[in-house]
Structure formats: C-alpha cells, structure tokens
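According to my numbering, the sequence shown is numbered sequentially starting from 14. For every residue, glycine included, the Cβ atom is placed at its ideal position computed from N, Cα and C.
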Amino acid sequence: MVSGSGICAKRVVVDARHHMLGRLASILAKELLNGQKVVVVRCEEICLSGGLVRQKMKYMRFLRKRMNTKPSHGPIHFRAPSKILWRTIRGMIPHKTKRGEAALARLKVYEGVPPPYDKVKRMVIPDALKVLRLQSGHKYCLLGKLSSEVGWNHYDTIKVLFSPLISVVVALIPVND
C-alpha cells in the first residue's frame, strides 16, 4: 500500500501494531486522498520515537493549550489512541475542503480488533514499521501507554478483551520439535 500503488481493494484493513505514528499517518493520508477506504486496527500499539517521559511532557504541553476567552472553542485534546491517530492524519489532509472531508470519511480507526475485522486479512506497511525505521537501541513508547498516562482509562480493558485473540494466534503457530 505504498502511495501510487493503485490498490483498488474495496477496503484495506491495516494492523497498526509496531508502526511509527507519523510515518503511518502520512502514508494513510496519501491513500485516503487517492480515494482508498482504510480501516486501522490496534491503534494502542502504535510506536512513538522517544521515551515515555519525553512524550508525556510533550503531550502535557499540548494539553495546556486552550482558548482564553472560551476554552470549549479551543483545541480539543483527544486522549484515546484511535482519536490521536485520527487527528494526526487530519493534520496531513486539507480537512476544511470537500475533498479533505471526503477523505476523512473514508477512514475508520479502532483500538483492538473489533468483530467485523478480526477475520479479515490485515496489512502491514513496511515503510512505517518500527523495525525498519527506528534504529536499534533508540527509545520508543507505545501510544496506548502514553494515552493511559494522560487520561485514557481503557488501556487495561483493551488488553484484557483482546488477549484471547493473541493467545489463539500464538497457539496456531506450529512449533518444530
């Protein structure tokens, strides 16, 4: 699903596990503008470069930004990983135009893997994978962990709900004896 690849699938399901946030968002934004429908699952396992303490300080600085006269009009500060990814992608799309609104309407973002997409083949994007893009030894943190530090209360719930899914996948992998 590299930009310009011309994938014409009805809907592309992307597994966001171990992808870098900005790189994933830029590739998805380009595909959305090209007319592709995209579903992103497991947003809580997206990686950010830099340690958790540094990322938390940056996000807390963002949380302090508000409109002085009427804060409810000011920037809306999302805490859920899916909404953080959605807003990151929105920043890369001309969202105040009809074309941008249509592109954002083609995007669906979820924590975990909800039922309609658990039996669908999920893609990875090699250009955004942490293994290929982040140098070994460099610090990183997970978006779900950062979100839980800044006020998202459902990190443990998502881990419990989707841990049976992970154990089933591990059980299906053959072991050479």
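Is it right to say Ile89 is buried, meaning 16 or more other beta carbons lie within 10 angstroms of its own, or is it exposed?
Looking at its Cβ environment, which holds fewer than 16 other Cβ atoms inside 10 Å, Ile89 is exposed.
Beta-carbon contacts of Trp165 that lie in its chain and below 6 Å, excluding the five residues immediately before and after
Annotation for Trp165: Arg92 and Ala93 place their beta carbon closer than 6 Å to its own, counting only its chain and skipping 5 residues before and after.
Cutoff 7 Å; reference Arg30; Cβ partners in own chain excluding five residues on either side:
Excluding positions up to five away in sequence, the list reads Arg55 and Glu58.
In chain order, each alpha helix (DSSP H) run of at least 4 residues that lies wholly inside the stretch 49-81
You should have 65-76.
Alpha-carbon spacing of Val173 relative to Leu155, whole angstroms:
If you take the alpha carbons of Val173 and Leu155, they lie about 17 Å apart.
Own chain, CB closer than 6 Å to Ile102, minus 5 neighbours either side, in chain order:
Sequence-distant Cβ neighbours of Ile102 in its own chain, meaning closer than 6 Å and more than five residues away, are Ala38, Leu41 and Ala42.
If you run the structure through DSSP and keep just helix, strand and coil, what is His32?
In this structure, His32 counts as strand in the three-state DSSP scheme.
Going by DSSP in three states, Val133 sits in which element: helix, strand or coil?
The three-state reading of DSSP puts Val133 in coil, since its state is none of H, G, I, E or B.
Proximity below 9 Å, CB of Tyr123 to CB of Val53:
At a Cβ-Cβ threshold of 9 Å, Tyr123 and Val53 count as neighbours.
CB contact flag (Ala116, His32, <9 Å):
Using a Cβ distance threshold of 9 Å, Ala116 and His32 do not count as a contacting pair.
In three-state terms, what does DSSP make of Ile138?
In the structure shown, Ile138 sits in coil (DSSP, three-state: anything other than H, G, I, E or B).
Rounded to whole angstroms, what is the Cα-Cα separation between Val7 and Lys83?
Past the boundaries of the shown model lies residue 7; the chain is included only from 14 to 190, so the question cannot be answered.
Compare the beta carbon distance of Val26 and Lys134 with 9 Å and say whether it is the shorter of the two.
In contact: Val26 and Lys134 (Cβ atoms closer than 9 Å).
Cα-Cα separation, Gly125 to Arg77
Our two residues, Gly125 and Arg77, have alpha carbons roughly 29 Å apart in a direct line.
Cβ neighbour criterion (16 or more within 10 Å) applied to Ser85:
Around the C-beta of Ser85, fewer than 16 other C-beta atoms lie within 10 Å, and the residue is accordingly described as exposed.
Under 8 Å by Cβ, that's how I've got Arg119 and Lys50 pegged, so tell me the actual separation to the nearest angstrom.
Right, the Cβ-Cβ distance comes to about 5 Å (below 8 Å), so this counts as a contact.
Mind checking whether Gly113 and Leu46 have CB atoms under 9 Å apart?
Going by C-beta atoms, Gly113 is nearer than 9 Å to Leu46.
Assuming Lys121 is part of the beta strand (DSSP E), what are its boundary residues?
Note, Lys121: beta strand (DSSP E), Leu120 to Val122.
Tell me whether Gly104 is buried or exposed, calling it buried when 16 or more other Cβ atoms sit within 10 Å of its Cβ.
Burial call: exposed.
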